[in-house]
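Asker:
Residue numbers (our numbering), protein chains in the order written: chain X, 8 to 107; chain A, 8 to 107.
1. What are the start and end residues of the alpha helix (DSSP H) that includes residue 106 of chain X?
2. Excluding sequence positions up to five away, which residues of its chain have a Cβ less than 8 Å from the Cβ of residue 30 of chain A?
3. If you reduce the DSSP assignment to three classes, tell me which class residue 82 of chain A lands in.
4. Beta-carbon separation of residue 88 of chain A and residue 56 of chain A under 8 Å?
5. Is it right to say residue 9 of chain A is buried, meaning 16 or more other beta carbons lie within 10 angstroms of its own, or is it exposed?
6. For residue 25 of chain X, does the three-state DSSP call read helix, strand or coil?
7. Any C-beta of chain A within less than 9 Å: which residues of the segment 74-91 of chain X qualify?
8. Measure the alpha-carbon distance for residue 13 of chain A versus residue 84 of chain X and round it to whole angstroms.
9. Shorter than 8 Å from the beta carbon of residue 36 of chain A to some beta carbon of chain X?
10. Residues of chain A with a CB under 7 Å from the CB of residue 93 of chain X: which are they?
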């Protein structure tokens, strides 16, 4: 029997990161405030997990000003999309195994 | 749009715990050594995560002697099975959303 967790990616283990990546798979890009609202997170929580995904090379961040206000945009990178796709596939195997 | 991570259970966030629970959904009971082998874990890693699942009431542990050797058996509790089922359902929603 295969190790059911072998292909799970540690970078996506936390549910906040699962949430960020799954949102960025659907949306081309999303603002920090929008992600925060959708996942009902605090600033600090979202900032720390998005920074971890950024340093893993899975998310890229674009900082700009809209008028006088700073704006932070997030996109999944190509590497992020394919790594998350593999993670979802591994989760699906685990789910099928976990079903009674 | 619903919060995609709302129904994910923090107790199952870690991939070792995902692995333990998914194995115990398929097998009525499993020995510590068998789980360790299947998930390719260290004693310490498995012990700490199974203890966390036990204190959450999701896993029960039976210690006995086989001859002179101590033996530790794990089973998912009824609460564990239903909580994990809900976690799998929430993961499935997230996976469907995450698919391109």
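Every residue, glycine too, gets a C-beta built ideally from N, C-alpha and C.
All of these numbers come straight from a predicted model, not from anything done at the bench.
Answerer: Looking at the atomic coordinates:
1. Along the first chain, one-based indexing puts residue 106 of chain X at 99. Judged by DSSP secondary structure, residue 106 of chain X falls outside any alpha helix (DSSP H); it is assigned neither H nor E.
2. If you number the second chain from 1, residue 30 of chain A lands on position 23. Exclusion of the five residues before and after residue 30 of chain A leaves 37, 42, 45 and 46 as the residues of its chain whose Cβ lies within less than 8 Å of its Cβ.
3. Position 75 of the second chain, counted from the first residue, corresponds to residue 82 of chain A. In the structure shown, residue 82 of chain A sits in a strand (DSSP, three-state: E or B).
4. Taking the second chain and counting its residues from 1, the one referred to as residue 88 of chain A is at position 81. Taking the second chain and counting its residues from 1, the one referred to as residue 56 of chain A is at position 49. No, the pair does not count as a contact, with Cβ atoms beyond the cut-off.
5. Here residue 9 of chain A refers to the residue found at position 2 of the second chain. With fewer than 16 other Cβ atoms inside 10 Å of its own Cβ, residue 9 of chain A counts as exposed.
6. What you label residue 25 of chain X is simply residue 18 of the first chain in a count that begins at 1. In the structure shown, residue 25 of chain X falls within a helical segment according to DSSP collapsed to helix, strand and coil.
7. Within the segment 74-91 of chain X, the qualifying residues are 88 and 91.
8. Against the second chain, residue 13 of chain A aligns to sequence position 6. Against the first chain, residue 84 of chain X aligns to sequence position 77. Roughly 25 Å separates the two Cα atoms.
9. Here residue 36 of chain A refers to the residue found at position 29 of the second chain. Chain X, which has no Cβ nearer than 8 Å to the Cβ of residue 36 of chain A, makes this no.
10. Counting from one through the first chain, the residue named residue 93 of chain X turns up at place 86. Result: empty, since nearest Cβ-Cβ is about 12 Å, beyond 7 Å.
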